[in-house]
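J.: If you're matching them up, the sequences are chains A, B, C, D and E in order. For the first sequence, position 255 matches number 255 in our numbering, and the numbering has no gaps at all. For the second sequence, position 181 matches number 181 in our numbering, and the numbering has no gaps at all. For the third sequence, position 110 matches number 110 in our numbering, and the numbering has no gaps at all. For the fourth sequence, position 145 matches number 145 in our numbering, and the numbering has no gaps at all. For the fifth sequence, position 106 matches number 106 in our numbering, and the numbering has no gaps at all.
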Amino acid sequence: MSIDSRPASAGVASPLRSRTSLIVPAAVGVALVVVPLTALLLRADWAALPQHLAAPTVWPAVRLSLVTTTTTVLISLLVGTPLAWLLARATGRAATWLRAVLTVPLVLPPVVGGVALLLAYGRNGVVGAPLDEILGVTIPFTPVAVVLAEVFVAMPFYVVAVEGAMRQVDRRYDALAATLGASPWHTFARVAVPLATPGIAAGAALAWARALGEFGATITFAGNFVGTTQTAPLAVYTALEQDPEAAIALSVVMLTVSVVVLGALRGRWVR
Amino acid sequence: MSIDSRPASAGVASPLRSRTSLIVPAAVGVALVVVPLTALLLRADWAALPQHLAAPTVWPAVRLSLVTTTTTVLISLLVGTPLAWLLARATGRAATWLRAVLTVPLVLPPVVGGVALLLAYGRNGVVGAPLDEILGVTIPFTPVAVVLAEVFVAMPFYVVAVEGAMRQVDRRYDALAATLGASPWHTFARVAVPLATPGIAAGAALAWARALGEFGATITFAGNFVGTTQTAPLAVYTALEQDPEAAIALSVVMLTVSVVVLGALRGRWVR
Amino acid sequence: MAGTSGGREGLDAHVVATRGTFGVDVTVRAAPGEVLAVLGPNGSGKTTVLHALAGLLPLEEGHVHVGGRTWAGPQHALDPASRRTGLLLADHLLFPHLTAAGNVGFGPRARGMPGTAVAERVTTELAALGIADLADRRPGGLSHGQAQRVALARALATDPHLLLLDEPLAALDPATRTDVRATLAHRLAAYDGVTVLVTHDPLDALTLADRLVFLESGRVVQEGTPSEVVDRPRSRYVAQVVGLNLYAGNATAVDTVLTALGPVVTPGFAHVGATWVAFAPSAVSLFPERPEGSPRNTWPLTVAAVELLGRLARVRLVDGAGHPVVAEVTAASVTALRLHPGTTVWAAVKASEVTAYPA
Amino acid sequence: MAGTSGGREGLDAHVVATRGTFGVDVTVRAAPGEVLAVLGPNGSGKTTVLHALAGLLPLEEGHVHVGGRTWAGPQHALDPASRRTGLLLADHLLFPHLTAAGNVGFGPRARGMPGTAVAERVTTELAALGIADLADRRPGGLSHGQAQRVALARALATDPHLLLLDEPLAALDPATRTDVRATLAHRLAAYDGVTVLVTHDPLDALTLADRLVFLESGRVVQEGTPSEVVDRPRSRYVAQVVGLNLYAGNATAVDTVLTALGPVVTPGFAHVGATWVAFAPSAVSLFPERPEGSPRNTWPLTVAAVELLGRLARVRLVDGAGHPVVAEVTAASVTALRLHPGTTVWAAVKASEVTAYPA
Amino acid sequence: SSAGGTGGGTSAAGGSTVTVLAAASLSEAFSDLAGRFESEHPGVRVRVSFGSSSKLAQQVAQGAPADLVALAGTTVLAQLPEEAQDPARRTIVARNVLEVATPPDDAAGVSGLADLARPDVAVVLCVETAPCGSAADEVLGRAGVTPNVVSREVDVRSTLAKIALGEADAAIVYHSDVVTAKGRVRGVPIPAALNTTLDYPLVRLTDDVHPAAFAALVSSPAGEAVLVDAGFLAP
Ligand SMILES: Nc1ncnc2c1ncn2[C@@H]1O[C@H](COP(=O)(O)OP(=O)(O)OP(=O)(O)O)[C@@H](O)[C@H]1O
Ligand SMILES: Nc1ncnc2c1ncn2[C@@H]1O[C@H](COP(=O)(O)OP(=O)(O)OP(=O)(O)O)[C@@H](O)[C@H]1O
Ligand SMILES: [Mg+2]
Ligand SMILES: [Mg+2]
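(1) Kindly indicate which three-state DSSP category Thr-146 of chain E falls into: helix, strand or coil?
(2) By the three-class DSSP mapping on this structure, what secondary structure does Thr-10 of chain E have?
(3) May I ask you to list the residues that DSSP assigns as paired with Cys-286 of chain E?
(4) Using a Cβ-Cβ cutoff of less than 6 Å, which residues in the same chain neighbour Met-254 of chain B once the five nearest sequence positions on both sides are dropped?
(5) Quick check: the Cα distance between Ser-21 of chain B and Leu-78 of chain A, rounded to an integer number of angstroms?
(6) Can you tell which of A:Leu-119, A:Val-193, A:Val-24 has its C-alpha closest to the C-alpha of Pro-82 of chain A?
(7) If contacts are defined as beta-carbon pairs under 8 Å, then Phe-269 of chain D and Ala-251 of chain D qualify, I think. What distance do you get, rounded to the angstrom?
(8) May I ask you to report which of helix, strand or coil DSSP gives Ala-189 of chain B?
(9) Could you say which of D:Gly-273, D:Pro-281, D:Ala-260 lies nearest to Gly-322 of chain D if we only look at CA atoms?
(10) Near Leu-212 of chain D, which residues of its chain fall below 7 Å by C-beta distance, leaving aside the five closest residues on each side in sequence?
(11) With 8 Å as the threshold, decide whether the Cβ of Arg-190 of chain B is near any Cβ in chain A.
(12) Just to confirm my understanding: we take Ala-307 of chain B, look at its own chain, exclude 5 residues before and 5 after, and list those with CB closer than 7 Å. What are they?
(13) Can you check which of these residues, A:Leu-32, A:Gly-223, A:Ala-207, is closest to Ala-161 of chain E by C-alpha distance?
(14) So, under 8 Å CB-CB, Ala-17 of chain C and Pro-80 of chain C are touching, yes? Tell me the CB distance rounded to an integer number of Å.
(15) Taking DSSP as the reference, what is the three-state secondary structure of Gly-68 of chain D?
(16) Can you determine whether any heavy atom of ligand 3 sits closer than 7 Å to the C-beta of His-204 of chain C, and answer yes or no?
(17) For Trp-97 of chain B and Gly-263 of chain A, what's the separation of their Cα atoms in angstroms?
(18) Where does the unbroken alpha helix (DSSP H) through Gln-222 of chain D begin, and where does it stop?
(19) Would the stretch 211–230 of chain A count as touching the stretch 46–64 of chain A if we require 3 or more Cβ pairs under 8 Å?
(20) Just by C-beta distance, which residues in the stretch 42–55 of chain E are closer than 7 Å to chain B?
(21) Is any heavy atom in ligand 4 found nearer than 7 Å to the beta carbon of Asp-201 of chain D?
(22) Rounded to whole angstroms, what is the Cα-Cα separation between Leu-89 of chain D and Arg-19 of chain C?
(23) Leu-42 of chain A versus chain B: which residues are under 8 Å apart at the beta carbon?
(24) Among C:Arg-29, C:Thr-178, C:Glu-34, which one has its Cα closest to the Cα of Arg-316 of chain D?
(25) Could you check how far apart the C-beta atoms of Leu-11 of chain D and Val-194 of chain D are, in whole angstroms? I think they sit under 8 Å.
(26) Nearest-angstrom Cα distance between Ala-249 of chain A and Thr-180 of chain E?
(27) Smallest Cα separation from Val-48 of chain E: which of E:Gln-58, E:Ser-54, E:Ala-23?
(28) Is Val-28 of chain D close to chain A? Criterion is C-beta to C-beta, closer than 8 Å.
(29) Would you check if the distance between the CB atom of Val-236 of chain B and the CB atom of Pro-109 of chain A is smaller than 8 Å?
(30) Give the residues of chain A in contact with Arg-371 of chain D, contact being defined as C-beta atoms less than 9 Å apart.
(31) Would you kindly report the start and end of the unbroken alpha helix (DSSP H) that includes Glu-28 of chain E?
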């Protein structure tokens with residue numbers, strides 16, 4: 001029997017003071033994020049915006065960003081969700097340390113992350129060298145490198161967030177599913193994933209956003225070639241060197257796109 | 001009555017195939033992260049490590065990073081937790097859009113984030129100008145600026161992750177707490193926070209890691225002054241210019257610290 | 001709990017609320033200190049009414065007045081935290097992160113009671129329900145019945161103005177149930193607020209309640225004191241719960257009522273028209289042949305089911321048209337009469353064992 | 001469910017397990033098709049035993065053999081998914097994200113049944129329990145009793161080799177309970193696996209079970225067929241559940257047993273030494289003065305509590321040393337004798353109403 | 001008395017500080033010079049922040065409390081506040097020329113600009129908007145070479161990383177970058193006729209004494225020597 005979540009209050013809200021003690025810090029939190037964004041919007045050169053957007057590099061960069069970030073999120077979902085689930089239910093030291101290792105890309109300055117990717121998948125890399133010699137495949141300077149860089153940087157966010165959410169799924173549901181004959185996979189797909197949906201949505205949003213903003217690892221590992229590896233943030237950065245106004249205009253557009261995408265998706269997805 | 005979570009299986013694990021279908025993608029996920037890190041470790045110049053670490057800029061940078069990231073996490077906890085809770089329980093369009101706006105700093109290329117912070121809190125900024133004129137306080141190029149930059153970049157990760165976790169807290173517990181006379185604050189502090197602990201821990205880890213790795217916004221907004229605003233990633237960046245080996249050595253140390261901190265903290269905290 | 005709550009004017013509520021496609025429209029009233037038992041089939045809206053009283057479900061219409069104060073009215077509704085209710089939910093919902101003591105102390109602490117007073121109160125409440133030794137256990141380490149007692153203690157510990165108990169004793173073993181029922185009876189007798197008790201157990205209702213309210217499909221079908229209800233059930237469901245055979249009929253003569261079973265002879269009554277006829281299962285005797293002699297009501301029936309309850313047996317019978325009659329006979333007669341589903345027997349009820357009252 | 005499960009050799013289990021500081025050490029055996037009811041006070045380990053059988057709690061020692069296969073032994077234990085159990089938990093735990101139909105179909109689907117067969121099976125199961133109309137409802141939209149029936153359907157839908165039911169009927173209203181009990185009795189009669197049924201309701205146990213097992217503190221205190229247990233309870237708790245007064249005593253003469261209440265005269269028996277003495281509450285008559293005449297057992301007692309149950313009343317009495325006696329009298333006698341806590345009365349029990357059997 | 005910045009300068013109570021913003025490529029030389037200055041002027045601290053020139057310009061525009069800013073190239077001067085653009089406030093302290101960089105093993109066998117046109121030589125250049133990028137385009141145009149460009153890197157660091165790790169076979173960077181890379185890349189000079197020069201202006205944002213002294217040190221022969229050691233040409 002569920003308790004209805006609509007508040008019964010039609011008017012009076014008596015514990016106002018207590019509500020204030022939540023709203024004030026929350027408002028501070030909002031301000032810390034919103035004030036700089038507002039400043040950016042206030043100072044943006046709106047008149048020149050159409051002209052900035054007409055630049056030939058804009059559309060390829062936005063398209064590449066959308067494609068690669070979507071791929072990154074899909075990879076995270078496919079590969080990160082089982083990982084998060086196994087970690088959430090794992091006990092013991094090995095799991096603890098694996099968990100910590102997976103957070104390393106969050107800590108690594110992205111540029112160093114890019115170097116690490118080069119050392120791994122580059123022409124002389126641990127994996128890249130045999131790949132080059134045997135299959136003749138080179139990864140750097142291709143869109144695949146962009147995706148690899150984004151996955152490296154963003155998937156850990158997804159895994160950490162989803163693991164937290166999966167941990168919150170009552171273990172009794174797993175156990176019950178097992179008695180009903182559900183294999184681990186069935187339990188994962190039919191019980192854990194649906195019950196952790198809010199966390200998965202949050203994790204996907206985090207990963208998508210992080211991938212969309214990814215800059216350092218991409219530039220170092222994938223390079224910056226219009227149409228192939230120049231994502232939106234690289235375009236912004238490139239513009240920043242010469243014309244900060246244009247860069248700001250571009251980022252404002254990027255933000256708008258992301259707010260709209262996230263707002264629309266999450267509003268539909270969650271709740 | 002809780003179901004014991006220890007597996008009853010003493011040996012045989014029959015649905016092996018099904019377990020494999022979880023383990024294979026999870027292993028791919030681990031590999032995507034671990035391979036580049038391993039490459040980094042393999043290529044690091046271990047012999048020169050002590051010498052690199054003895055550089056006079058290392059210790060101030062590490063100390064500043066630890067202080068500012070800890071502050072950032074504390075601010076996120078204090079301010080972001082109520083925010084996440086209110087968002088998790090809010091309905092309606094306003095909440096949906098606020099949620100989307102809060103993810104903007106994840107998307108913003110950090111350098112643009114730094115510009116936004118300068119536009120807001122710089123001496124000519126929207127908030128900074130009055131602050132300077134009235135109180136004589138300037139924020140940029142101080143450790144406060146480092147914290148502001150880290151909060152701007154990292155807190156959204158915390159809020160998004162914790163909101164997901166809070167959503168998963170059964171609403172019936174809130175309702176029940178209310179009938180027991182608990183004010184919103186009491187419900188938040190005594191029910192929502194403890195029940196969402198795994199998510200909060202995950203969120204804090206994300207925010208801490210993101211803050212520790214933060215580079216673009218900090219260098220733009222706070223500058224790169226040894227001892228005052230040069231955090232570990234900035235030190236790595238500066239070293240990278242002259243001596244990539246030293247930079248890699250430094251990052252390896254940074255990683256080790258972060259793995260140890262996260263491993264130890266989360267092992268104790270969660271579970 | 002005596003003297004702690006101000007229920008001078010008791011409870012006066014008219015609850016109109018919906019949950020999905022289901023609606024309730026129920027009026028409940030009780031004087032201060034009264035215990036109101038709410039009974040009814042599964043899904044009849046009992047829990048829904050409790051939730052509406054607690055403020056967890058908004059009223060669409062109606063009002064809730066408790067102790068002279070308006071908790072909910074047409075304009076205005078207090079939120080759950082501002083109502084002083086003690087709510088026990090059927091699926092107890094203990095806070096999983098708090099110990100038994102933490103759960104029981106949650107309400108007092110939330111209402112600002114100082115720490116030492118809370119600890120004392122918690123000890124008292126747990127001891128009264130025989131679970132003092134479980135104080136430091138988390139809900140995960142409690143059995144079902146233990147958890148339910150903790151939840152009961154939690155509801156009682158808030159000094160509520162309105163105590164709302166949803167199946168408080170359902171998970172208790174019979175011995176504990178007797179003890180807790182006695183404890184609860186004692187507590188409720190000393191309590192000057194109103195208690196609304198949802199239960200499926202007629203024993204709980206009869207021993208604890210001053211008045212019974214029966215719901216079906218979100219509407220009240222009968223209410224009254226226990227003896228009124230037990231003596232004169234007015235719906236098949238109520239009759240089943242209090243353990244009577246009940247038939248609607250039409251009074252045709254001073255002592256005969258025409259029912260679906262056929263004419264039933266009664267000790268006599270003083271009215272005409274629609275009439276209820278009731279008799280106890282134990283008043284039904286079964287015979288292999290049509291009996292001669294005093295019982296004036298006899299019917300040929302077919303056995304539908306036999307339930308053995310130790311030395312007694314409950315026999316469910318139906319007439320040709322499927323109207324049910326329940327008989328209670330000794331286990332010995334079951335063997336003697338070879339009663340099993342399908343057997344045809346004669347049932348007899350003395351006129352003096354039949355009650356008849358206007359519908 | 002007939003013929004679907006291979007419980008040819010029934011259940012043979014010795015469960016030694018711990019949960020925190022609590023341990024169970026229980027042996028349960030049942031032939032194929034048998035229904036075993038497990039009863040016992042709250043916290044006696046009933047649920048713990050079920051969990052161990054289902055594989056949710058590891059055995060520390062012992063074994064579980066079902067239908068000739070070893071589910072758990074000293075070396076080896078199947079995980080829960082590889083055991084074919086149908087488990088109903090006391091706090092039903094429906095999957096909140098699935099509809100009633102989705103919950104019931106979960107097991108069949110997990111075991112690889114094709115979609116259309118699942119849908120058919122689900123419809124059948126829900127209809128049998130009278131909740132076909134709730135198929136598309138999520139657990140949040142079900143009442144407590146409705147949810148319990150869905151959970152029961154879910155357990156039954158898996159064609160288990162071992163059916164484990166933890167208080168399956170506790171949340172049902174009396175009318176539904178009777179119906180579901182009948183349905184269940186029907187199902188279980190046709191089922192060739194073993195059913196272990198945990199319940200607090202003697203009626204469930206007596207009507208559904210072939211054998212009863214009573215647990216206390218994680219150990220078996222009595223087991224046997226319903227009539228063995230009802231006739232000859234061997235612990236105070238068992239006696240209370242089956243509704244008898246029980247005293248341990250010592251046979252001193254051919255027809256007298258020395259108990260805590262004093263000497264009790266019985267119809268006679270053929271042994272000496274430790275003896276149980278039992279009589280029903282309804283065999284106890286109450287008198288304001290010491291009665292003369294046939295009853296040979298009389299004691300002066302003090303009323304501790306009176307529970308009115310409609311036309312009947314249950315009176316709890318204690319002797320000078322606090323030994324309890326329960327009497328069942330008519331509500332009329334309660335008024336006539338002015339019975340209320342503190343009244344002193346004489347209780348009488350005819351020797352012919354007393355049962356005595358060796359301890 | 002200031003041009004765009006007030007600086008932490010001598011006006012600050014208790015010990016004076018000179019705050020310098022410098023282009024990342026100057027970091028080794030300016031760290032060295034700051035140390036020298038501090039030992040010559042006890043009680044005066046020199047704080048140097050390194051970053052990309054455009055970022056530094058932006059920081060100054062937003063009121064960074066700096067006394068001096070040293071930029072790579074003169075184009076970003078336009079982003080400085082108007083007062084700071086006064087030519088009297090700046091001195092050119094160093095110059096840089098372009099050079100081809102290859103991995104140390106030079107597997108592709110690059111011996112001059114012309115080799116960059118070979119299809120088997122993967123070339124990385126700085127992005128057009130960065131000084132090293134526009135300059136490289138200019139040089140290549142002058143030489144009539146169309147290279148096989150695989151990436152236009154946003155800064156020198158990532159350009160050099162590609163060469164040092166062998167991901168690309170050749171790049172065009174500044175001579176000082178090759179010197180700073182200390183053997184991890186090999187430099188191939190570009191003939192002066194084709195080459196271009198990048199000027200490093202040092203802009204005085206305040207008029208305090210210590211900053212002026214530091215600026216003087218940078219322009220002094222000793223300062224010049226340090227800069228030349230770091231791969232720059234004397235102005
Ligand atoms: N979302 C919904 N949509 C449709 N009907 C609903 C919804 N939620 C609840 N109901 C129905 O409301 C009715 C009342 O439920 P309630 O829990 O009040 O019953 P109850 O009398 O407490 O029953 P029980 O004895 O089983 O606890 C039930 O029939 C239930 O199916
Ligand atoms: N973590 C723990 N530490 C100590 N004791 C525990 C723990 N978990 C469970 N117990 C105890 O184990 C005992 C057995 O519990 P179980 O649920 O099996 O009882 P039960 O017979 O099913 O009772 P009920 O009729 O109330 O459902 C209980 O007394 C409970 O308090
Ligand atoms: Mg209910
Ligand atoms: Mg139990």
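For every residue, glycine included, the Cβ atom is placed at its ideal position computed from N, Cα and C.
T.: Walking through what the data contain:
(1) It is coil, neither helix nor strand.
(2) With a pLDDT of 39 at Thr-10 of chain E, under the threshold of 50, the modelled position of this residue cannot be trusted; read the value that follows with caution. It is coil, neither helix nor strand.
(3) No answer is possible for residue 286 of chain E: it lies beyond the span of chain E, which begins at 1 and ends at 235.
(4) Ala-232.
(5) Using only the alpha carbons, I get a separation of about 11 Å.
(6) Of the listed residues, the one whose Cα sits closest to Pro-82 of chain A is A:Val-193.
(7) Rounded to the nearest angstrom, the Cβ distance from Phe-269 of chain D to Ala-251 of chain D is 7 Å, consistent with a contact under 8 Å.
(8) Judged by DSSP in its simplified three-state form, Ala-189 of chain B adopts helix.
(9) Of all alpha-carbon atoms in D:Gly-273, D:Pro-281, D:Ala-260, the one lying nearest the alpha-carbon of Gly-322 of chain D is that of D:Ala-260.
(10) Same-chain partners within the cutoff: Ala-37, Leu-39, Ala-205, Glu-223, Gly-224, Pro-226, Val-229.
(11) No - not a single Cβ of chain A is within 8 Å of the one on Arg-190 of chain B.
(12) A query on residue 307 of chain B cannot be resolved here, the shown segment of chain B reaching from 1 to 271 and no further.
(13) It is A:Gly-223.
(14) That pair is no contact at about 14 Å.
(15) When DSSP states are grouped into helix, strand and coil, Gly-68 of chain D belongs to the coil group.
(16) Residue 204 of chain C is actually Asp in this sequence, not His. Set against 7 Å, the gap from the CB of Asp-204 of chain C to the closest heavy atom of ligand 3 is not smaller.
(17) About 6 Å.
(18) Going by DSSP, Gln-222 of chain D is part of no alpha helix (DSSP H) but of the beta strand (DSSP E) stretching over 219–224.
(19) Contact between the stretch 211–230 of chain A and the stretch 46–64 of chain A is present, because at least three Cβ pairs lie under 8 Å.
(20) Of all residues in the stretch 42–55 of chain E, Arg-47, Ser-49, Phe-50, Gly-51, Lys-55 have a Cβ within less than 7 Å of some Cβ in chain B.
(21) Because no heavy atom of ligand 4 lies under 7 Å away, the Cβ of Asp-201 of chain D does not count as near it: no.
(22) Here the C-alpha atom of Leu-89 of chain D lies approximately 26 Å from the C-alpha atom of Arg-19 of chain C.
(23) The answer, in chain order, is Leu-119, Val-126.
(24) Proximity to Arg-316 of chain D across C:Arg-29, C:Thr-178, C:Glu-34 peaks at C:Thr-178, based on C-alpha coordinates.
(25) With a Cβ gap of about 4 Å, Leu-11 of chain D and Val-194 of chain D count as contacting.
(26) The alpha-carbon atoms of Ala-249 of chain A and Thr-180 of chain E are separated by roughly 36 Å.
(27) Comparing Cα-Cα distances from Val-48 of chain E to each of E:Gln-58, E:Ser-54, E:Ala-23, the minimum goes to E:Ala-23.
(28) Using a CB distance cut-off of 8 Å, Val-28 of chain D does not count as an interface residue toward chain A.
(29) For Val-236 of chain B and Pro-109 of chain A, yes; Cβs fall inside 8 Å.
(30) With chain D represented from 1 up to 359, any question about residue 371 of chain D goes unanswered, as that position is not in the structure.
(31) Residue range 27–40 is occupied by the alpha helix (DSSP H) that includes Glu-28 of chain E.
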